[in-house]
Structures are given as C-alpha cells and as structure tokens.
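S.K.:
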Amino acid sequence: MHNSDNVQAIQQTLSALPDWVSERILQHINNLTNYEPVIGIMGKTGAGKSSLCNALFAGEISLVSDVVACTREALRFRLQVGERLMTIVDLPGVGESNARDAEYAALYREQLPRLDLVLWLIKADDRALAVDEHFYHQVIDETYRHKVLFVISQSDKTEPTSGSGQLSTEQKQNISRKICLLHELFRPVHPVCAISVRAKWGLRMMTERMIKCLPREASSPMVAQLQHPFRTPTVQKKARDDFGETVGAALDAVSALPLIPAPVRAVIRAVRDTVVSVARTVWNFFF
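First residue of the sequence shown: -12, per the numbering used here; consecutive thereafter.
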C-alpha cells in the first residue's frame, strides 16, 4: 500500500464533510507525517555521542570529532532515511572550560525551545558532576526539563572492568548505584538510562524511554529513523498510539474553529474515532 492509498483510506472517512473541511484535516495529517524531529545530544569530550547516534539511527551520521569540544556553536546535522528527515543538534558539553560555560548557558537557553528532546550523556566513570548539576539546576529552566533524558554512557568502563565484552554482575550493581546518584543530584523528570554501545547493552530500553519522552508528533518520525533492532513492539505501539492521538487532536482543532457550522462540527465529532482508528491501522505504511 502506498501513502496515496493511506491518505485515500483516511479521506473516505471524511467523505461526509465539506471538501474544504476535509482538506484542512488532511493538511493537518500531512504535516504530522512530514514532521522533522530535532534531537539535541550533549556530553563532555569522549562521552560517546557519535557512537550512540551511529548505533541508534539508520544511515551514516558524521558528528564533530572530539577535538571540537571548544566549539561555541551548536552544530546541526541532518539525517535522512528515504523521505524522512531528522536533525541532530550537537551541543557542547559543560565543565570543560569555565570561561565558556557562560556562553554555553546562553546557547542552551536559545536552543532548548527548538528541541524535541535532549540526550544528556554522562560517562559511567565521570565523577566530576558538580558543574553538570549546577548547569542543570541553574540553566535548564523547569519549563524544559521534561525534554532532558539523562544517559549513562560507556557503562562497560564501570569498575571492576573485565574486558570480556559483557557487563559483570558487579558492574551492573555499580551502574545501579550511579543511576541512583544521578536521580539524587538532578531529580530528573524521566528515569535515567544506562547504556554501553560497545557491549550492545541497554540500548533497547533507552530507545523505548526516548520514544516515551518525545512529544506525540515526533515519535513516529523518530521510529522511521531507528535501526530495525530498536523498532521494538513497545516502541512501535507508543508511536502508533501517539499518531492516532495527534490525528484526533487535528480533528478537534478543526472542530473548534469559530467558522465551523454546528452541523459540520457534529459530523466531525461523529467520525473522529473512525478517522483515528483508520490512521492507527495505516500507521506502519506511513512510517
């Protein structure tokens, strides 16, 4: 089934509406299916930002090298899979230059309203967290803290290291302690994740939490960018549900317009659940 068929299937559920109303609703849905997520990723030098992006997302991504830790700008990279687009914003890590942390604070305040999500990477063996803690509480306004997902990266470097390629029970216990520490320090909105790209550990759970953190309009386009192993049933169900809810919200928005005649508004409300159901059914053909 092609996207034109999917649109036609939805259009049929709107056939009782005037053409101009149907077209406006379809335009809302079209905007949803073409939404471009914008994901920020931050962390100190060597936190593994590019490794994580390359592990999660389909296609090649070229992020800045570690030597650019002094950059005063947020570097933007576009990722394209088929017709789907996503922007990754590489944000400078704090605490590496006292002179520039003030500049970074201004940069973050500028960027946060534009981002759907920020992955804040903290190395598993990083104990110098005072600057991160201060930055989060003093710079990240409470209005935007729901956009931040803390990720403990390079968990395979947690003591005691073994070099076996798999995390030991002792390492996992220490990682759990690190997670508790971050919850105490940052009091984050979302649960802290822990991953190891090298050991291929924790990535699926992190992806599932990441999808839950995204605004509803961004989750489905994000799924389209993921490597197939991370498109788990949990991830797909959340994105499908979000898509249905956003389609329903689009109908509600049109219904609430002052210029909509009462009889037309009644029809929109009558067909709403059917349109949402069809949208959920054809979701996987869109994304």
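Just so you know, even glycine gets a beta-carbon here, dropped at the ideal spot from N, CA and C.
Cutting at 8 Å between CB atoms, please list the residues of its own chain near residue 213, excluding the five before and the five after it.
M.R.: 43, 44, 45, 194, 222
S.K.: Fully enclosed by the region 112 to 162, which beta strand (DSSP E) runs are 3 residues long or longer?
M.R.: 135 to 140
S.K.: If you draw a straight line from the C-alpha of residue 191 to the C-alpha of residue 250, how long is it?
M.R.: Roughly 48 Å between the two C-alpha positions.
S.K.: Could you check whether the region 218 to 237 touches the region 258 to 267, counting it as contact only if at least three pairs of C-beta atoms, one from each stretch, sit closer than 8 Å?
M.R.: Here the region 218 to 237 lies against the region 258 to 267, with 3 or more beta-carbon pairs under 8 Å apart.
S.K.: Mind checking which residues open and close the alpha helix (DSSP H) that includes residue 16?
M.R.: Start and end: 6 to 20.
S.K.: Label residue 14 either buried or exposed according to how many other C-beta atoms from any shown protein chain fall within 10 Å of its C-beta, with 16 as the threshold for buried.
M.R.: Exposed.
S.K.: List the DSSP bridge partners of residue 79.
M.R.: Under the DSSP definition of a beta bridge, residue 79 partners with 30.
S.K.: Looking only at C-alpha atoms, which of 247, 238, 73 sits nearest to residue 258?
M.R.: 238
S.K.: What is the DSSP secondary structure of residue 1, reduced to helix, strand or coil?
M.R.: coil
S.K.: Out of 219, 272, 30, 25, point me to the one whose CA is closest to residue 122's CA.
M.R.: 30
S.K.: Using three-state DSSP, classify residue 110 as helix, strand or coil.
M.R.: The answer is strand: DSSP assigns residue 110 an E or B state.
S.K.: Quick check on the DSSP output: the alpha helix (DSSP H) that includes residue 94 runs from which residue to which?
M.R.: 85 to 98
S.K.: At which residues does the beta strand (DSSP E) containing residue 68 begin and terminate?
M.R.: 62 to 68
S.K.: Let me check understanding here. Comparing Cα to Cα, which of 154, 151, 109, 124 lies closest to residue 165?
M.R.: 109
S.K.: Distance, Cα to Cα, residue 18 vs residue 34?
M.R.: Near 35 Å, if we compare the C-alpha coordinates of residue 34 and residue 18.
S.K.: Answer yes if the region 166 to 179 comes into contact with the region 60 to 72, meaning at least three C-beta pairs across the two stretches below 8 Å, and no otherwise.
M.R.: Put simply, the region 60 to 72 does not touch the region 166 to 179. Fewer than three CB pairs are less than 8 Å apart.
S.K.: Could you please give the first and the last residue of the uninterrupted alpha helix (DSSP H) stretch that includes residue 250?
M.R.: 249 to 268
S.K.: Assuming residue 255 and residue 4 are in contact, meaning their beta carbons sit under 8 Å apart, how far apart are those beta carbons, in whole angstroms?
M.R.: 7 Å
S.K.: Enumerate in chain order the residues of its own chain whose CB-to-CB distance from residue 9 is below 6 Å, with the five nearest sequence positions on each side excluded.
M.R.: 1
S.K.: My guess is that residue 141 and residue 27 are in contact by the Cβ rule of under 8 Å, so how many angstroms apart are they, rounded?
M.R.: No, residue 141 and residue 27 are not in contact; Cβ-Cβ is about 19 Å, not under 8 Å.
S.K.: Please classify residue 54 as buried or exposed, where buried requires at least 16 other C-beta atoms within 10 Å of its C-beta.
M.R.: Unreliable positioning characterises residue 54 in this predicted model, as indicated by a pLDDT of 43, which lies under 50. The coordinate reading is nonetheless provided below. Answer is exposed; the Cβ neighbour count stays below 16.
S.K.: Please classify residue 181: does DSSP put it in a helix, a strand, or coil?
M.R.: Note: residue 181 maps to strand in three-state DSSP.
S.K.: Do three or more CB pairs link the region 80 to 96 to the region 143 to 162 at distances below 8 Å?
M.R.: no
S.K.: By how many angstroms is the C-alpha of residue 235 removed from the C-alpha of residue 39?
M.R.: 34 Å
S.K.: For residue 100, count neighbouring Cβ atoms within 10 angstroms of its own Cβ and tell me buried if that reaches 16, exposed if not.
M.R.: exposed
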